[in-house]
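Please read the structure below before turning to the comments.
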Amino acid sequence: MNNNVYGIDLGTCNFKVFCKATGKILKEKNTVAIINKNEIYAYGDAAYAMYEKAPESIQVVFPVVSGVIADYNFLQNMIVTFLEEKMKSKIRGSEFVVAVPTDITDVEKRAFYDMFYKNKLRPKSILLCEKPIADAVGLGIDVNQPTGVMVVDMGADTTEISIISMGGLVLSDLLHFGGNRIDESIISHLRKEYNLVIGQKTAKALKETIGSGLPGRTETMKIVGRDLVSGLPIEMEISASVVYEAMKNNLESICTSIKMILERTPPELAKDIIHSGIYITGGGSLIHNLDKLFEEITNIKVNTTSSPEESAVRGLVKIVSDSKFRKLPFTIKK
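According to the working numbering, the sequence shown is numbered sequentially starting from 363.
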């Protein structure tokens, strides 16, 4: 009998799987390259390498948009292929626990469930868990306690701000923008100020390399884009201050939402949050000095983690492995 457990986080940008048997996390870009309209040419990191570079005959798509499934068939095929090719332990008859956003409909939750139920892996069981809960458990927080915890999860297409207590969500706000919107702001800013056209990957590299939540960085980065005036490729050195100017409005919007949630938080829970601090996670939380920005805005300490993209997927396996968390996930009737 197979007692293995897989925790799965189908993020907009990255697809993460944690296998209980091996204790390893595998991460691939949540990307599919399609040829002849419906054949998978490549998936994961290999497909993402083709993004913005592929010929017209190859279409590169992202099957998860804003945290929900946008292309069911391609995503299901990618998941099955990924698990069969990359996992070194037994898959059939395993237990799957999947992270889902909070602000989605029952139909969208059913799609996440069916993604695993209706495939050839023949799972033993499928459980769903709200992502903020999984994040908190993955960060080492005992969410069953009557203590208020604030988690800010910054993903590629969404930013989820949640107040958790006694295993449930007291308050939650799902913002429909995240790291991708910041990348688009950098693209727009450089086009407007420097007549320079760059791609999404270059914007992402600027954000991750010299981007910052606060002004003051002095580093620069050389990039190549297309000059709007001449139409020719051009190399340009971009300063951290330019990237900050491009990013700051989006970061201010997240700060405003955090303050609004704190204003609505019951006083006793607010007292707990001041004591324990705000937890930030997700790939977007890796932006330099973002924690210091949030501390300035809220006057509350901010807790970071070394691998924020993995907190949810680690929490999922802990949830199904530890009996005290067993009531947190839920299933859907067949």
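For every residue, glycine included, the Cβ atom is placed at its ideal position computed from N, Cα and C.
Item: Please state the DSSP three-state secondary structure of residue 579.; Value: coil
Item: What would DSSP say about residue 485, mapped onto helix, strand or coil?; Value: coil
Item: Got a sec? Which residues, its chain only, sit under 7 Å from residue 619 by beta carbon, not counting five neighbours each side?; Value: 523, 535 and 537
Item: Under the rule that 16 or more other beta-carbon atoms within 10 Å means buried, what is residue 650, buried or exposed?; Value: buried
Item: Between the C-alpha atoms of residue 377 and residue 685, what's the straight-line distance to the nearest angstrom?; Value: 26 Å
Item: Helix or strand or just coil, what does DSSP make of residue 635?; Value: helix
Item: Does the Cβ-Cβ distance between residue 623 and residue 516 come in under 9 Å?; Value: no
Item: Under three-state DSSP, which class holds residue 363?; Value: Bear in mind that a pLDDT of 42 at residue 363, under 50, signals an unreliable position, so the number given afterwards is only what the model happens to contain. Here residue 363 sits in coil by DSSP.
Item: With 9 Å as the threshold, decide whether the Cβ of residue 607 is near any Cβ in chain B.; Value: This model lacks chain B altogether; it includes just one protein chain.
Item: Can you grab the Cα-Cα spacing for the pair residue 693 / residue 488, in whole Å?; Value: 7 Å
Item: Apply the 10 Å Cβ neighbour rule to residue 627 and answer buried if 16 or more other Cβ atoms are within range, or exposed otherwise.; Value: buried
Item: On the DSSP bridge list, what partners appear for residue 588?; Value: 559 and 595
Item: For residue 575, tell me which candidate among 584, 455, 476 and 616 has the shortest Cα-Cα distance.; Value: 616
Item: Please go through the stretch 500–570 and give each complete alpha helix (DSSP H) segment of 4 or more residues, from N-terminal end onward.; Value: 541–556
Item: Grouping DSSP H, G and I as helix and E and B as strand, with all else coil, what is residue 644?; Value: coil
Item: So the beta strand (DSSP E) residue 415 belongs to, where does it begin and stop?; Value: No beta strand (DSSP E) holds residue 415; DSSP gives it neither H nor E.
Item: Taking the continuous beta strand (DSSP E) assigned at residue 655, which residues delimit it?; Value: Unbroken run through residue 655 is the alpha helix (DSSP H), 652–660; no beta strand (DSSP E).
Item: Compare the Cα-Cα distances from residue 514 to each of 381, 625, 645 and 462 and report the closest residue.; Value: 645
Item: From residue 363 to residue 449, what distance separates their C-alpha atoms?; Value: Unreliable positioning characterises residue 363 in this predicted model, as indicated by a pLDDT of 42, which lies under 50. A coordinate reading is not provided.
Item: In three-state DSSP terms, what is residue 369?; Value: strand
Item: Pull up the distance between the alpha-carbon of residue 481 and that of residue 442, whole angstroms please.; Value: 8 Å
Item: Just to confirm my understanding: we take residue 471, look at its own chain, exclude 5 residues before and 5 after, and list those with CB closer than 7 Å. What are they?; Value: 462, 490 and 694
Item: Could you tell me which residues DSSP pairs with residue 388 in its beta bridges?; Value: 379
Item: Determine the direct distance from the alpha carbon of residue 635 to that of residue 629, and round the result to whole angstroms.; Value: 10 Å
Item: Pick helix, strand or coil for residue 424, following the three-state DSSP scheme.; Value: coil
Item: Looking only at DSSP bridge pairs, what is residue 574 linked to?; Value: 650
Item: Given that a residue counts as buried once 16 or more other Cβ atoms are within 10 Å of its Cβ, and exposed if not, what is residue 384?; Value: exposed
Item: Count the other C-beta atoms from every protein chain shown that fall within 10 angstroms of the C-beta of residue 604, then say buried if there are 16 or more, exposed otherwise.; Value: buried
Item: Tell me which residues share the same chain as residue 413 and place their Cβ nearer than 8 Å to its Cβ, disregarding the 5 neighbours each side in the sequence.; Value: 393, 422, 562 and 563
Item: Would you kindly work out how many angstroms separate the C-alpha atoms of residue 438 and residue 578, rounded to a whole number?; Value: 45 Å
Item: Grouping DSSP H, G and I as helix and E and B as strand, with all else coil, what is residue 690?; Value: coil
Item: In terms of alpha-carbon separation, which member of 479, 519, 520 and 528 lies closest to residue 499?; Value: 528
Item: Taking the CB atoms as reference points, tell me whether residue 429 and residue 497 lie closer together than 9 Å.; Value: no
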